[in-house]
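> Those letters in the sequence shown? Residues -27 to -1, 1 to 432, by mature numbering (1 follows the signal peptide of the UniProt record, and there is no 0). We put the beta carbon where it would ideally sit given N, CA and C, even for glycine. The structure displayed is predicted, hence computed values, not measured ones.
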Amino acid sequence: MRFRTRIALLTVAAVCAATATALPAQAATDTHLEGQLPSGAAYLMDVPAVWNGTVLLYSHGYSPAGAPNPAQNAPGSATREKLLAEGYALIGSSYATNGWAVTDAVPDQLATLEVFTEKFGQARRTLAWGTSYGGFVTTMLAERHPDRFDGSLAMCGLVQGGVANWNSTLDPVFALKTLLAPDTDIPLTGFTGQAEASGASNALATELTAAQQTPGGRARIALAAALHNIPGYNDPGQTEPGPTDWQAQQANQYQAVTGLVRLPAFSWRQEAESRAGGNMSWNTGVDYTAMLGRSPLYKEVSELYKEAGLSLRTDLAALNRAPRISADATAVRWMRHTSALSGRLTDPHLSIHTTGDALIPVQAESAYRRAATAAGSGALLSQAYVDAPGHCTFTPGETLGALHTLEHRLDKGRWDTTPETLNSRAQQEDPTTQPRYVTYRPTTYPRPYDLAHPGDARP
């Protein structure tokens, strides 16, 4: 961990007393502590009676506006109990608000760490880790506050960053509206509130349901899915299709596209727009023919178009000449300032992802590798992949195997992230479940955007 002069956050200052410099005497029993930060965020801490000196600061995933938002300090109960038994201290907060809450999440997580240090003493090792949106928060903590951590682990993280995420979320719904409902006035951005966003979501979902009943509609839905790199096997409840079973792959994608329309592309976007002060994404200048050509799903789309007797070239031309959506410059600046990643790492950072993720497609990892390489941090970054459908569907063993792999890097000074090593560590942690780490390289993220590339497309 690098100790540098840091700018004190007001929320942290309100909480902090002088931190201890040594571990306090061990408690006779495990300690469970709940409380509230000055921001209103709840925090949760579990410290075992025999603490091994490592504290894990967990950042939880996205919690929509209006949903319960409890503090969390681990990705699941089985993982929590195993880590406590191994002597780790586990802490985390709820964040003060729901939604695209990075400006609350980062200071609230730092304040939680300060409370822990005040109450239990300075940890020998401090690790940041998190899942999904929490993987994004973890990566922000690692990049912007490296003096507070020794290493970090992002699991199924939104590591493409905020600008790229919202651009990539726009592309599939733009295709759906253009190809399935060209004569409608369904808004895709710039919502006045949740009521308008909900109405637009319902209108597009109706068109989506009708389109799924025809071969041409299914081909066009597959095209929209390909623009977001939604895989044809993306949920553990699905039957895995054969490699050329295009219809089954499309049926699975339809489920995921429906979920995208129902929540992230409209309701969640509106909440993020309200924070950014306007629409923070755009598709001006985007060549959808080229984008589809880079997608690993191109073959499926082209075969479905052939079966439907439609011209893929004609539909791509329609997308490319359709009126485009421009961003609000102030909203882009806000999103860039608060939510774009730089790839600049100071300490080891491990990122793991499932290959069949529809919510945050695995290509997000290639976007972060691009940023870290440009920033000169490539050696500090390692990425590993679990061959499984779904978002964050890691087993406890796979999760713990990744955590111990990060610790091995800190102890030995070198990465050992081969699938064989990760699977061995996962098996040791959970002998009852077969681990699924594989050699894998994701394709290019459709529209990357990071602070390490000044030449990234602007609205």
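Please say whether residue 36 and residue 42 have beta carbons closer to each other than 7 Å?
Yes. Within cutoff.
> Considering only the beta carbon of each residue, do residue 112 and residue 132 sit closer than 7 Å?
The answer is yes: Cβ separation under 7 Å.
> By a C-beta neighbour count over all protein chains shown, 10 Å radius and 16 as the cutoff for buried, is residue 28 buried or exposed?
It counts as buried.
> With distances taken between CB atoms, is the gap from residue 420 to residue 171 smaller than 7 Å?
No, they are not a contact pair.
> Among the candidates 366, 32 and 323, whose CA atom is the shortest distance from the CA of residue 351?
Taking only the C-alpha atoms, the option nearest residue 351 is 323.
> Looking at C-alpha atoms only, which residue of 257, 330, 345 and 54 is the closest neighbour of residue 359?
Comparing Cα positions, the closest option is 330.
> Please confirm whether residue 381 and residue 389 have their CB atoms less than 7 Å apart.
Yes, the pair counts as a contact, with Cβ atoms nearer than the cut-off.
> Buried or exposed, going by whether 16 or more other CB atoms sit within 10 Å of the CB of residue -4?
Bear in mind that the predicted position of residue -4 carries a pLDDT of just 46, short of 50, making it unreliable; the figure below should be weighed with that in mind. Residue -4 is exposed by the Cβ-count criterion.
> Among 405, 375 and 294, whose alpha-carbon lies nearest the alpha-carbon of residue 398?
Of the listed residues, the one whose Cα sits closest to residue 398 is 375.
> Note down, in chain order, each residue of its chain lying with its Cβ closer than 6 Å to the Cβ of residue 222, except the 5 sequence neighbours on either side.
Answer for residue 222: 205, 214 and 273, listed in chain order.
> When the Cα of residue 22 is compared with those of 9, 46 and 58, which residue comes out closest?
Here the closest residue by C-alpha is 58.
> Within 10 angstroms of the Cβ of residue 369, are there 16 or more other Cβ atoms? Answer buried if so, exposed if not.
So residue 369 counts as buried.
> Hey, would you say residue 418 sits closer than 7 Å to residue 356, going by beta carbons?
Taking 7 Å as the Cβ cut-off, residue 418 and residue 356 do not qualify as a contacting pair.
> Is residue 54 buried or exposed, if buried means 16 or more other CB atoms sit within 10 Å of its CB?
When all chains shown are included, residue 54 counts as exposed.
> Do you know offhand how far residue 130's Cα is from residue 116's?
Each residue's alpha carbon lies about 14 Å from the other.
> Can you say whether residue 260 is buried or exposed, counting buried as having 16 or more other CB atoms within 10 angstroms of its CB?
By the 10 Å Cβ count, residue 260 comes out exposed.
> Start and end of the alpha helix (DSSP H) containing residue 136?
Start and end: 135 to 153.
> Just the Cα atoms here: how many angstroms apart are residue 24 and residue 100?
Straight-line Cα distance between these residues: approximately 15 Å.
> The beta strand (DSSP E) spanning residue 240 covers which residue range?
Segment: none, residue 240 is in no beta strand (DSSP E) and carries neither H nor E.
> Starting from the N-terminal side, write out each stretch of the beta strand (DSSP E) that is 3 residues or longer and does not extend beyond the region 27 to 67.
As far as the region 27 to 67 is concerned, its whole beta strand (DSSP E) runs of at least 3 residues are 27 to 32 and 62 to 66.
> Based on the DSSP output, what are the partners of residue 4 in its beta bridges?
According to DSSP, which records beta bridges pairwise, residue 4 is partnered with 20.
> How do the region 184 to 200 and the region 277 to 293 stand: do at least 3 beta-carbon pairs fall below 8 Å, yes or no?
With a cut-off of 8 Å, the region 277 to 293 and the region 184 to 200 count as touching, because enough Cβ pairs lie within range.
> If you draw a straight line from the C-alpha of residue 344 to the C-alpha of residue 254, how long is it?
Each residue's alpha carbon lies about 19 Å from the other.
> Could you give the first and the last residue of the continuous beta strand (DSSP E) run that contains residue 327?
Run containing residue 327: 322 to 329, per the beta strand (DSSP E) assignment.
> With the cut-off set at 7 Å, would you say residue 4 and residue 20 are in Cβ contact?
Against a cut-off of 7 Å, the Cβ pair of residue 20 and residue 4 comes out as a contact.
> Going along the chain, which residues of its own chain have a beta-carbon closer than 7 Å to the beta-carbon of residue 426, five neighbours each way excluded?
Cβ neighbours of residue 426 beyond the five flanking positions: 347.
> Please give me, in chain order, every unbroken run of the alpha helix (DSSP H) with length at least 4 that falls completely inside the region 148 to 228.
Entirely contained in the region 148 to 228, the alpha helix (DSSP H) runs reaching 4 residues are, in chain order, 167 to 184 and 188 to 200.
> By Cβ distance below 7 Å, which residues in the same chain neighbour residue 228 in space, the five residues on each side in sequence not counted?
208.
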